[in-house]
Amino acid sequence: MRLKRNRSIHINIIAGVAMTFAAMLFALAAPKSTAAAGTHLDTSFAGSGKTNFGFGENSFEDANAVAIQPDGKIVVVGRTNVGNGWDMAVARLKTDGTPDSTFDGDGLLTIDFGGNVDTAYAVTIQTDGKIVIAGETLVLGGTADFAVARVSSLGVLDATFSGDGKATYDFTGANDAAYGLAVQPDGKILLAGMAGMGSTDWALVRLTDLGIPDPAFGVNGRVTTDFNQMNDIAKGVVILPDGKIVVAGTAVNSGGGWDFALARYTSAGIPDGTFQNGGKLLIDINGGSSDEVRAFKGTADGKLVIGGESNSQGGWVKLALVRCSIDGVLDSSFDGDGKVLASFNSEGNNLMGGIAVSGAGVIAVAARIDSRATNSGFNVIRILNNGKLDSRFGAGGRVNTVFGLSERWSHDVAFQTDGKIVAVGSVRGYSDFGVARYNSQGIAAGSDFNGDGRAEIGVYRPSEGMWYLQDSVTGAKKYVSFGLNGDEPVLGDYDGDGLTDTAVFRRSNGSWYVSRSSDGQMTVTPFGLSSDMPVPGDYDGDGKTDIAVYRLATGYWYVFGSTHGLEVFKYGTDTSFPVPGDYDGDGLTDVAVYRPSDKTWWIHQSQLGDKTVQFGTNGDLPIPADYDGDGVTDLAVYRSDGNWWVQRSQTASITADHWGVVSDLTAPADFDGDGKSEIAVFRSPTGVWYITRPDGTSRILEWGIETDVPLAGITLRALA
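For the sequence shown, our numbering begins at 7 and goes up steadily by one.
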């Protein structure tokens, strides 16, 4: 019998259905990953948190950089082939994500430098509201030059800049390109990039406010820097308070490998002899690795952050970040040694687009994470001031946003003044600009009651209506009275504040009782029958857990989305386990069931459609969770012999781990905040937890008694 999902019943009726339901907030009766990541998308932006658009019918676009105006409007630059060849492309969106019609009439502007390929790589907003865009212009069969344009706040080329609002600058007659851009307090404009001089060198141009090369800088406004007579590329520039200039990029070391590199200059463009090694510094990320810089930013407290990639001995590329002082001294408060390496796919490349740094020192990263499960991804990563991944942001610090089934890549990010993150890139197979806005905090992971990004070790004691919680790191204990004998705990972040709320489903009256962490208020919501299975999750992707039940007798799902309202649809049979999770990595909870009769998983992915997978054997209990930390729920079963069988979405490989005995209650959860669910069991007769660790060791902890219910990865044992 084929399962059907009928989306036609998507109405705000709570009459008829409301006799058994209503609506408000609540969660969990399935594993932790049911409401694990959340999209973090800000649904006040473009209605869904994301938008994509082109500059013409059947045109192709690349969005490469973003800047936020003081009034909150968003400026995105890149290129489009809407005309003859490729032109620079500039779009401005209002704060709600819609095109700003006060900007060139429709929010879209193209700039033609006369070349065949004109591309913008950088953008900044001057204090007078004018917009400066930098990149390159290339004539096919010829060479590329620096290209820079300035437009007014109305989207009109500024004729006070180089006579017509745009200019090109050549270094050598070979290929030149500008990747970095900064405006000095006196209004002078600095461009940083490369100049093709046999091999490429770092190249700087400083312009006056009128767009003329500044004779007080270098030679005719130009400076080049060579490291070891090989290919070097500058990617960013920062102006220091004393007027000195720091440039970051990639340079070749004496052994022929690529390293992160810094150079510091006086305000006149002369190498600063007080800086490391007479003005230049190479930084090797990981002992002989091949390292490439993609972005460079200064921080509010006077530090420097360099972002890029590192590839050690031919392995997969990892994201790399360095934080140092303005003197080039690595900052040991940043992950211990001033360097961070991050990989979200151990069998694929992790590529950086751009970075942004908030006033508090939090770093946002735009990235492309190649993954079998999600195609190439439009990814945003959040890293705390101490260099640790922000485990409360998405899955282990990473959010993947799906704009469609085709290839997509986020190229740049920016922080708004309210802490929200704007990411831009190329989506729909490079057919459109893509823009997304994210809340800095989203739905809590698992049973994270204190907001540290880790699941607490906790039990619910039905006989007392008591919650016993223990911090998984500090061991601090907390006791909460909430519920009655017979209630079932249903964990979730119903108010979207990043903390798990204390909540129960009362079968005796089919009601959900939620104590919201945001304001301490309790809500009571009739929703479901006593025989229903609660299956909460973030089904509408707004960062809040939605109340939902699965009706065993009929195979119907009843979901009350906190944004989308009531949905009713059939997906399952009376012999199926409901196993919701995020199986396509888009941050939304997908409807899914496991049918023991034929050992088949039936999954309705919100982005990738339906799929069926045979995985398991007679008597297995389904225990899906994100075991490999890629933001995708993995298929998994617990077998009567105490073995955990996991099909990891990242590699499609199947692993077996012996952990537990048949009477144990499975309790997978992210206890250490690395974005991965650890294999764990609660041994009910003794009240002892057995938790695996990433390093292969184990943790054994007595916390609970025989009748307690573990507050992590609750499985539907009654259906076995």
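Idealized CB from N, CA, C, for every residue including glycine.
Beta-carbon proximity of residue i to residue j, cut-off 7 Å
i, j, result
"G217", "A153", "no"
"G314", "A326", "yes"
"N406", "G591", "yes"
"L475", "F488", "no"
"D640", "S655", "yes"
"F59", "D438", "yes"
"S683", "D604", "no"
"L115", "V138", "no"
"I544", "H570", "A quick correction: the sequence has Asp, not Ile, at residue 544. The answer is no: Cβ separation not under 7 Å."
"V157", "V81", "no"
"A269", "T231", "yes"
"A155", "G199", "no"
"I117", "D93", "yes"
"V687", "G710", "no"
"G344", "R329", "yes"
"L535", "G516", "yes"
"S65", "V83", "no"
Neighbourhood of residue i by C-beta distance below 6 Å, restricted to the same chain and skipping five residues each side
i, result
"Y556", "M539, V541, W563 and P584"
"S296", "G263, W264 and N317"
"F511", "E494, V496, W518 and P540"
"E142", "T125, A150, A153 and A183"
"V282", "Per the sequence shown, residue 282 should be read as Gln rather than Val. Cβ neighbours of Q282 beyond the five flanking positions: G334."
"R98", "K79, V81, D106, F109 and G113"
"L707", "W695"
"A362", "A370, V419, A420 and F421"
"S582", "V599 and R601"
"L614", "D590"
For residue i, the three-state DSSP class (helix, strand or coil)
i, result
"N406", "strand"
"N283", "helix"
"L594", "coil"
"W709", "coil"
"R460", "coil"
"D632", "coil"
"S54", "coil"
"I276", "coil"
"L717", "coil"
"P602", "coil"
"W665", "coil"
"Q653", "strand"
"K483", "strand"
"H46", "coil"
"S432", "strand"
"H610", "strand"
"D376", "strand"
"E684", "strand"
"V585", "coil"
"F233", "coil"
"W322", "coil"
"N70", "strand"
Whole-Å CB distance - residue i paired with residue j, under 8 Å assumed
i, j, result
"I373", "L395", "Here the sequence assigns Ala to residue 373, which means Ile is not the residue at that position. 12 Å between Cβ atoms; not a contact."
"N70", "A140", "Wrong, their Cβ atoms sit about 11 Å apart, outside the cutoff."
"G202", "D215", "With 8 Å as the limit, G202 and D215 do not qualify as a contact, their Cβ atoms being about 28 Å apart."
"I332", "L246", "6 Å"
"N649", "A658", "The pair is not a contact, with the Cβ atoms about 19 Å apart (cut-off 8 Å)."
"P468", "V715", "7 Å"
"F233", "K286", "6 Å"
"R460", "V479", "6 Å"
"G227", "L213", "7 Å"
Same chain, Cβ closer than 7 Å to residue i, five either side skipped, listed in chain order
i, result
"L144", "G121, N122, V123 and A150"
"Q611", "Y589, D590, D596 and K617"
"R388", "V368, A370, D396, F399 and G403"
"S54", "L47"
"A165", "G171"
"P630", "P37, S39, V585, G587, T639, D640, L641 and A642"
"G719", "P37, K38, I629, A631, T672, A673, P674 and A675"
8 Å Cβ shell around residue i - same chain, five flanking residues per side excluded
i, result
"K426", "D48, R443, Y444, N445 and S446"
"S349", "W322, K324, L325 and N356"
"L505", "A450, D454, F455, N456, G457, D499, S523 and S524"
"G384", "Sequence check: residue 384 is Phe here, not Gly. These residues qualify, in order along the chain: R374, N406, T407, V408, F409, R414, W415, S416, A429, G431, V433, G440 and A442."
"S669", "R689, S690 and P691"
> Can you find at least 3 beta carbon pairs, one from the stretch 414–423 and one from the stretch 694–711, that sit closer than 8 Å?
Replying inline: no
>> I'd like to know if the stretch 298–318 and the stretch 273–284 are in contact, where contact means that at least 3 CB-CB pairs between them fall below 8 Å.
In response: no
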